[in-house]
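A.B. asks:
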Amino acid sequence: MSSIDSSSSPFASGDPTEISEAVIPKGTLWQMMESGIELGGERLNPILVKEARQALKSKQFVITFTLLLLAGWVWSMLGVALLSPGVYYAPGGRFMLSGYFIILTIPVLVIVPFSAFRSLAAEREDGTFELLSITALSSRQIVTGKLGSAMLQMLVYYSALAPCIAFTYLLRGIDIVTIVFLLFWTLVASVLLSSIGLVVATVSRARHWQVLLSVLLLVGLCFVTFFWTLSFVSLIVDAQATAFDDTDFWLAMAAIMTFCISHAVMFVLIAAAQISFASDNRSTKLRVMLLVQQTLWIGWMAFFWIKFEEEEILYILVSVACLYWAFAGACLMGEAAILSPRVKRSLPQSFLGRMCFTWFNPGSGTGYTFTVANLLTLLLVTIVAGLTAELEGFAAARGGFDWVIFVTLAVAYVIVYLGVARLVTLLLRQLGRVTMLLTFLVTLFLCVIGVALPLFFQAWLEGYSRMSYSIVQMSNWCWTLEEAADGNLLTFSLVPIIIYCSAVVVFFLNLLFAIYEVEQVRLATPERVLQDEREMHPSTDEKRGGSSPWDDLKAT
Amino acid sequence: MPEQPVIDMRRLHRFFGSTRAVNDISFEVMKGEVFGYIGPNGAGKTTSMRILATLDIPTYGDALVDGFSVINDPDRVRRRLGFMPDYFGTYADVNCREYLDFFARAYGLRGNERRRALAHVMGFTKLDGLAEKPIRGLSKGMKQRLCLGRSMIHDPSVLILDEPAAGLDPRARIELRQMIRELADNGKTILVSSHILTELAEMCDRVGIIERGELLAVGTVAEIQRGQITHCQIKARVLENVAAVATWLENRGDVESIRVDGQLIRFSHVGESDAQAALLREMILAEFAIAEFGIEQRSLEDVFMHVTRGVVQ
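Which chain is which? The protein sequence lines are G and E, in order.
Just so you know, this note's numbering puts 1189 at position 381 of the first sequence, and the rest follows in order with no gaps.
Just so you know, this note's numbering puts 567 at position 102 of the second sequence, and the rest follows in order with no gaps.
This is the structure in structure tokens:
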């Protein structure tokens, strides 16, 4: 038993042979396989086991599966009839696959993600989630169990149409790579959409919000499915459109794949954080994941930069990263800087540990600093890459060092806008509770006002038709960055200087208000907890021998 | 070393806006004790039980289960605690065995241990014959048994039962009471809330009375009665001169509310046991023919009605 002391349980066997008989496979190959499967089943996520049992008996599954089979059968008949008599001598695989693909995408891209959403939302509505949450299952296990169940349903739907898809290959005209490519990416999209569905299910417990969210999700899924089907069917029909022989195509696919996986993991972590216990640390894992995504982004962009030697890649790298961090930063700043004693027990204690890991702790100040640190890292990497390229002479330099002004300005703008938004929310916190949504809306409002206000002001002064860039547009990040990218900002050299100085001032002002969050120190673990830990893991103490510069375990 | 309480509520507060659902509640429950938690609707019973079950966190204060804080060590508390809420929380398209099997897996039980736990719980709750029956086809009493089974599937040392007997027929209530008593006899610590006070009085070692989020009294029914009720109701049977006895009693300062019913005289007396003995002695010395003299026992309902005011927030 993993979580309960076996020795004290009335369920524990007095006969040691009882368990070993079930565990050790013996006899025929079939018995060994059966024992192996049984052992594997024991290790499966309980939610997956329960959902699989439930799903196979549910009306929704039976109806969807039957409709899928019926649709597949009807299309087989109809398609062959339409192709006849050419089906005997002309390749009809592409035509038939288009139909099967459309039939498959509806359950896989609409029903499965929506079922994942409903599955978690219903647990919260019916009160069963509360019963789940007090078991030994972690919130992450609950979410991954739901996602696993969605994936199982996908595979069942895939298997239902597998004979039909095999039939299209036999009809010729379509290669196995295209078929696998389509099915694989549809599967990935379904997993990604299901993980989004799970996040949406955790947004609110209020009935009216749940209804609204379910409608929005359903509409969104229908849109995605429509465009997905449209683009992939055109890929099936147009044989020339695929670039399977091109290495760059596969590199791009690999890059997209890594981002899909990292985003699916991120969504699972977000959903798990949303449903975790109030005193849990909901932020650190998400911040680690943000860091992983930043690393992936920089890594892939650096790779493409070296490979293609295009200056535009630097612009894409910084623009996308700045948008990403502006969004992530606005969310992180909405966190309350309250660390439960439970979280404080695992805080780093050494100087090095505190310096590096404090920014992973929950809190608006640490969130802002974490965002700035990542932006500065991005800036550093971009400048080093750009300068190296200039020195090596392999970059197709377009306008000297215009890109330097662009990237530094973009980063400075994010620092300023997020910083000001945080200062505003700090003021709002004096008046009442500030949620993550409110912080995000404040940031968004400031970003929009920063663009709209100078535009209206200058249009009012000079008239819309005669407007040209001036220092008044300093807060207008859209126009200023466009001017910087075009190399026109040299005539307004004061603008970048003011923005850089503002960024420095705003950052240090925010740092000042983050002191409370930095001052958090580790709390000693209660003796009762240590005693329980020793009972559960008797060998842990022996393993805690070494010392680490990142931590000081003696304090516990 | 004194025995540590298994449940230790420490100045528990829970506010919802301006509503003080739980307001400074403290009490302890020792190992093997059945503690009855009683109070009118909206008194704060469910809120405090939910905090204890790690489903909510207090605004202030803490609660310890076997020495672990429900705020800081919920995972350790959960291993030791089984919670039966005042709703069923069952799944559609699942039968009894599958339902219990799922929770056994969720509590980390594996292999033979899980199978034994299922057999034990189904036997204890007498659900063996209904193992393959879909949950939606169960009666309310059977669902309550199933939920009790779920809460004890991982063999917790503490059980929190919120209104377990609500809506059950008399037979099911008696059987549930027997099960709870049996669990306590096996060393489980049980915190149970109910509106059916007569049942609580029979199964509980101690009770806590809560109203408007505040704990008004804690102890055995007799202790609360002693602590809260200064008057006791005395019944005397007098063979002759009943009116004279009544007049004699009226002239005493420690007697109130005299009611005569044939040979029976009922009155309220202020004082402890020795004062009651003195009163009887004086009545005999006054040569009244006293055939019967005794204290009318107050039920938990009487105590509850006396202690609470029926005010809701």
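Cβ coordinates follow ideal geometry from the N, Cα and C atoms, glycine included.
1) Use the C-beta contact count for W1105(G): other C-beta atoms within 10 angstroms, 16 or more gives buried, fewer gives exposed.
2) Comparing alpha-carbon positions, which option in V1312(G), T874(G), S1022(G) and W1211(G) lies nearest E1291(G)?
3) Across the stretch 660 to 667 of chain E and the stretch 490 to 497 of chain E, are there enough close Cβ pairs to call them in contact, namely three or more that are closer than 8 angstroms?
4) V1215(G): which of S1148(G), M1163(G), L928(G) and L1297(G) sits nearest, CA to CA?
5) Just to confirm my understanding: we take I832(G), look at its own chain, exclude 5 residues before and 5 after, and list those with CB closer than 7 angstroms. What are they?
6) When you compare each of W713(E), G501(E) and I522(E) to R476(E) by their alpha carbons, which one comes out closest?
7) To the nearest whole angstrom, what separates the beta carbons of I1044(G) and T986(G), a pair I think is in contact under 8 angstroms?
8) Assuming L592(E) contacts L611(E) under a Cβ cut-off of 8 angstroms, what Cβ separation, rounded to an integer in Å, is found between them?
9) By the three-class DSSP mapping on this structure, what secondary structure does F1135(G) have?
10) Would you call the stretch 1110 to 1128 of chain G and the stretch 1153 to 1167 of chain G touching, i.e. three or more CB-CB distances under 8 angstroms?
11) Under three-state DSSP, which class holds M1065(G)?
12) Could you tell me whether any Cβ in chain G is nearer than 8 angstroms to the Cβ of F589(E)?
13) Can you list, in chain order, the residues of its chain with a C-beta nearer than 7 angstroms to that of E829(G)? Leave out the 5 residues immediately preceding and following it.
14) Closer than 7 angstroms by beta-carbon distance: list the chain E residues that pair up with P854(G), in chain order.
15) If we define contact as Cβ-Cβ less than 8 angstroms, is Y502(E) a contact residue for chain G?
16) Looking at the structure shown, is Q728(E) part of a helix, part of a strand, or coil, going by DSSP?
17) Please state whether DSSP places I618(E) in a helix, a strand or coil.
18) Please classify C1309(G): does DSSP put it in a helix, a strand, or coil?
19) Compare the C-beta of Y552(E) with all C-beta atoms of chain G and state if any pair is closer than 8 angstroms.
20) Mapping DSSP to helix, strand and coil, what is M549(E)?
21) In this structure, what does DSSP give as the bridge partners for K700(E)?
22) For F1035(G), count the other beta carbons within 10 Å of its own beta carbon; 16 or more makes it buried, fewer makes it exposed. Which is it?
23) What are the boundary residues of the alpha helix (DSSP H) that includes M959(G)?
24) For I1004(G), which option in Q1339(G), A1144(G) and V1076(G) has the closest C-alpha, if you only look at C-alpha atoms?
25) Between the stretch 972 to 985 of chain G and the stretch 902 to 910 of chain G, are three or more C-beta pairs nearer than 8 angstroms?
26) Closer than 7 angstroms by beta-carbon distance: list the chain G residues that pair up with D558(E), in chain order.
27) So for F624(E), helix, strand or coil by DSSP?
28) I need the DSSP call for G684(E), collapsed to helix, strand or coil.
29) Mind the definition here: the stretch 1172 to 1184 of chain G touches the stretch 1137 to 1154 of chain G only if three or more C-beta pairs lie below 8 angstroms; say whether that holds.
30) Residue range of the alpha helix (DSSP H) that I1213(G) falls in?
31) Select from the stretch 517 to 542 of chain E all residues with a C-beta closer than 7 angstroms to any C-beta belonging to chain G, and list them in chain order.
32) Using only alpha-carbon positions, find the residue among F589(E), R575(E) and F553(E) that is nearest to G632(E).
33) If A711(E) sits next to I730(E), beta carbons under 8 angstroms apart, how far is it from one beta carbon to the other, in whole angstroms?
34) So T872(G) and I910(G) are supposed to be a Cβ contact under 8 angstroms. How far apart are they, rounded?
35) Spell out a yes or no on whether the stretch 575 to 589 of chain E and the stretch 510 to 525 of chain E are touching, meaning 3 or more CB-CB pairs, one atom from each, closer than 8 angstroms.
36) Considering only the beta carbon of each residue, do F922(G) and L1029(G) sit closer than 8 angstroms?
C.D. replies: Answer, in terms of the structure:
1) buried
2) W1211(G)
3) no
4) L1297(G)
5) Reliability fails at I832(G), whose pLDDT of 49 lies under 50, so the model's placement of it is uncertain and the value that follows must be treated cautiously. Nothing listed; no residue qualifies.
6) I522(E)
7) 7 angstroms
8) 6 angstroms
9) helix
10) no
11) helix
12) no
13) With a pLDDT of 47 at E829(G), under the threshold of 50, the predicted position of this residue should be treated as unreliable, and no value is reported.
14) F567, R570 and A571
15) no
16) coil
17) coil
18) helix
19) yes
20) strand
21) R731(E) and G759(E)
22) exposed
23) S947 to L978
24) V1076(G)
25) yes
26) Q862, K865 and S866
27) Before going on, a small fix: residue 624(E) reads as Leu here, not Phe. Correct three-state label for L624(E): strand.
28) strand
29) yes
30) D1210 to L1239
31) A518, T519, L520, I522, G532, F533, I536, N537, D538, P539 and R541
32) F553(E)
33) 6 angstroms
34) Between I910(G) and T872(G) the Cβ distance is about 15 angstroms, and since that is not below 8 angstroms, they are no contact.
35) no
36) yes
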